[in-house]
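Worksheet: the structure to be examined is printed underneath.
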Amino acid sequence: MKKFFKWFGIVLGSLIGLIVLVFLGLMLKGNSMLNKKYDAQVEKITIPTDAEAVARGEHWVMAECIGCHGHDLSGGPFFAAPFGYIDAKNLTSGKGGVGSEFTDEDWIRALRHGVGSEGDSLLIMPAQFFRHFSDEDLGEIIAYLKTLPPIDNETREPSFNPLGKALMGAGVFGDSVVVAEYLLDNPLENVSYPPAGVTAEYGEYLVNVSGCRDCHGPALSGGKSADPSAINAPNLTPGGELVAWEEADFIKAIREGEAKSGHKLDPAQMPWEHYKFFSDDELKALWAYLQSLPKLATTLP
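Just so you know, we're using the numbering used here here: the sequence shown kicks off at 45 and counts up by one.
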């Protein structure tokens with residue numbers, strides 16, 4: 045019996061030691077991901093100053109940015125868990141805001157490459173979607189951001205404890221946290237920008253810049269984002285429930301957050317509260333693109 049307990053203790057101790065080593069390895073990997081610096085090559089983009097361009101930029105920002113940074117874009121708590129937290133940045137020029145220090149190149153670097161002014165990867169910054177913006181649209185977005193009235197709000201720097209770093213090292217959060225690494229490994233190729241209009245081509249452009257595939261899957265046939273709190277997102281192709289919808293049903297769902305069935309859309313899962321700022325023509329283009337997709341069976345995560 046003593047021999048049994050001796051060997052049992054050796055095996056148990058070895059397993060515990062192995063688990064500790066794996067945990068430490070993942071924690072170090074996660075820490076390295078958080079501290080890695082990136083030398084993003086920033087493109088030259090003209091930033092307009094005319095009122096019409098600034099207004100178009102405001103339109104994009106309302107549709108794409110307020111869900112994280114708030115309606116006044118002053119930022120605040122965005123993600124919190126027992127293992128860490130991330131605040132959305134204050135984008136204004138007020139106290140604690142990046143607007144007082146960002147150059148045009150810094151804005152481009154952040155929005156298109158997910159990299160901060162110090163070369164660090166911005167966390168949960170959807171540059172993997174925003175990099176699809178044309179130079180013209182991106183320039184208008186930056187033009188508007190530079191006009192924001194200053195709001196004082198000092199946000200916290202991101203923080204992860206050892207468990208959070210180990211989870212990050214294990215890839216639990218997918219590519220959406222340290223986005224600069226993903227963009228470095230997955231450059232865009234053969235990019236084209238269709239003219240704005242009620243067309244399926246422009247609808248696809250809107251899908252790309254809005255990150256719809258992050259939740260609804262690569263083929264939009266259903267999926268689930270890497271967010272641990274995410275639910276299964278529905279199939280948006282004609283093979284899903286939208287087969288029974290009309291264009292008006294789709295527009296109402298985005299405008300009012302209510303599906304044709306009467307089901308209320310959870311804004312924490314489906315961010316209709318800022319997508320509602322898309323124009324009627326943009327929503328019609330989105331609908332045209334979804335209707336042009338092949339009829340696919342629902343993909344289950």
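We put the beta carbon where it would ideally sit given N, CA and C, even for glycine. Because the structure is a prediction, the values reported are computed rather than measured.
Can you give me the start and stop residues for the beta strand (DSSP E) that Tyr129 sits inside? Looking up residue 129 in the sequence shown gives position 85. That run of the beta strand (DSSP E) goes Gly128 to Ala132.
Check for me: the alpha helix (DSSP H) holding Pro206 runs from which residue to which? Residue mapping note: residue 206 aligns to position 162 of the sequence shown, counting from 1. Its alpha helix (DSSP H) spans residues Pro206 to Gly213.
Supposed close pair Lys268, Cys256 - CB separation, criterion 8 Å: In the sequence shown, counting from the first residue as 1, residue 268 sits at position 224. In the sequence shown, counting from the first residue as 1, residue 256 sits at position 212. Distance from Lys268 to Cys256 at the Cβ level is roughly 13 Å; contact not present, criterion being Cβ atoms closer than 8 Å.
Taking the C-alpha atoms as reference points, what is the distance between Ser254 and Val55? Here residue 254 is taken as the residue at index 210 of the sequence shown, counted from 1. Here residue 55 is taken as the residue at index 11 of the sequence shown, counted from 1. Approximately 51 Å, taken between the alpha carbons.
Closest by C-alpha distance to Pro315, when choosing among Ile298, Asp196, Pro92 and Pro239: What you label residue 315 is simply residue 271 of the sequence shown in a count that begins at 1. Of the candidates Ile298, Asp196, Pro92 and Pro239, the one whose C-alpha sits nearest the C-alpha of Pro315 is Ile298.
With Leu250 and Leu264 assumed to form a contact (beta carbons below 8 Å), what rounded beta-carbon distance in angstroms separates them? In the sequence shown, counting from the first residue as 1, residue 250 sits at position 206. In the sequence shown, counting from the first residue as 1, residue 264 sits at position 220. Contact flag wrong, Cβ pair sits at about 13 Å.
For Asp229, which residues from the same chain have a beta carbon less than 8 Å from its beta carbon, with the 5 sequence-adjacent residues on both sides left out? Within the sequence shown, numbered from 1, the residue matching residue 229 stands at position 185. Shown here for Asp229: not one same chain residue has a beta carbon closer than 8 Å to its own, the five before and five after excluded.
Sub-7 Å separation of Arg175 and Arg153 beta-carbons: Taking the first residue of the sequence shown as 1, we reach residue 175 at position 131. Taking the first residue of the sequence shown as 1, we reach residue 153 at position 109. Not in contact: Arg175 and Arg153 (Cβ atoms no closer than 7 Å).
Does DSSP put Leu78 in a helix, a strand or coil? Position 34 of the sequence shown, counted from the first residue, corresponds to residue 78. Leu78 falls in the helix class under three-state DSSP.
Ends of the alpha helix (DSSP H) at Gly111? Working through the sequence shown from its first residue, we reach residue 111 at position 67. That run of the alpha helix (DSSP H) goes Ile110 to His113.
Check whether the Cβ of Ser305 lies closer than 7 Å to any Cβ atom in chain D. This model lacks chain D altogether, as it is built from one protein chain only.
Would you mind working out which of Tyr333, Val66 and Gly74 sits nearest Ser203, comparing C-alpha positions? For the purposes of this step, residue 203 is taken as residue 159 along the sequence shown, with counting starting at 1. Checked all of Tyr333, Val66 and Gly74; the closest Cα to Ser203 is Gly74.
Looking at Thr243: is its Cβ nearer than 7 Å to the Cβ of Ala329? In the sequence shown, counting from the first residue as 1, residue 243 sits at position 199. In the sequence shown, counting from the first residue as 1, residue 329 sits at position 285. Yes, Cβ-Cβ distance for Thr243 and Ala329 is below 7 Å.
Are the region 230-237 and the region 132-146 touching by the rule of at least three beta carbon pairs closer than 8 Å? no
Does the region 268-277 touch the region 288-295, meaning 3 or more C-beta pairs lie closer than 8 Å? no
Quick one: what's got a C-beta closer than 6 Å to Gly261's C-beta in the same chain, skipping five residues either side? Here the question's residue 261 lines up with position 217 in the sequence shown. If we look at Gly261 and ignore the five residues flanking it on each side, its Cβ neighbours are Gly267 and Thr343.
Beta-carbon gap between Tyr82 and Ala303 smaller than 7 Å: Looking up residue 82 in the sequence shown gives position 38. Looking up residue 303 in the sequence shown gives position 259. The answer is no: Cβ separation not under 7 Å.
Ordered along the chain, which non-local residues of its own chain (more than five positions away) have a Cβ less than 7 Å from that of Gly218? Within the sequence shown, the letter at position 174 stands for residue 218. Counting only Cβ-Cβ distances below 7 Å, and skipping sequence neighbours, we find Ala270.
With distances taken Cα to Cα, identify the nearest neighbour of Pro252 among Lys308, Phe173 and Leu182. Translated into the one-based positions of the sequence shown, residue 252 becomes position 208. The question names Pro, yet the displayed sequence has Asn at residue 252. Looking at the Cα atoms, Phe173 is the closest of the given residues.
Kindly identify the DSSP beta-bridge partner or partners of Gly141. Position 97 of the sequence shown, counting from 1, holds the residue named residue 141. Paired residue(s): Asn134.
Report the residue from Asp179, His318, Gly61 and Leu78 whose alpha carbon sits nearest the alpha carbon of Gly215. Sequence index remark: in the sequence shown, residue 215 carries index 171 (1-based). Considering only alpha carbons, the answer is Leu78.
Start and end of the alpha helix (DSSP H) containing Phe174? Taking the sequence shown and counting its residues from 1, the one referred to as residue 174 is at position 130. Counting along the chain, the alpha helix (DSSP H) containing Phe174 begins and ends at Ala171 to Phe174.
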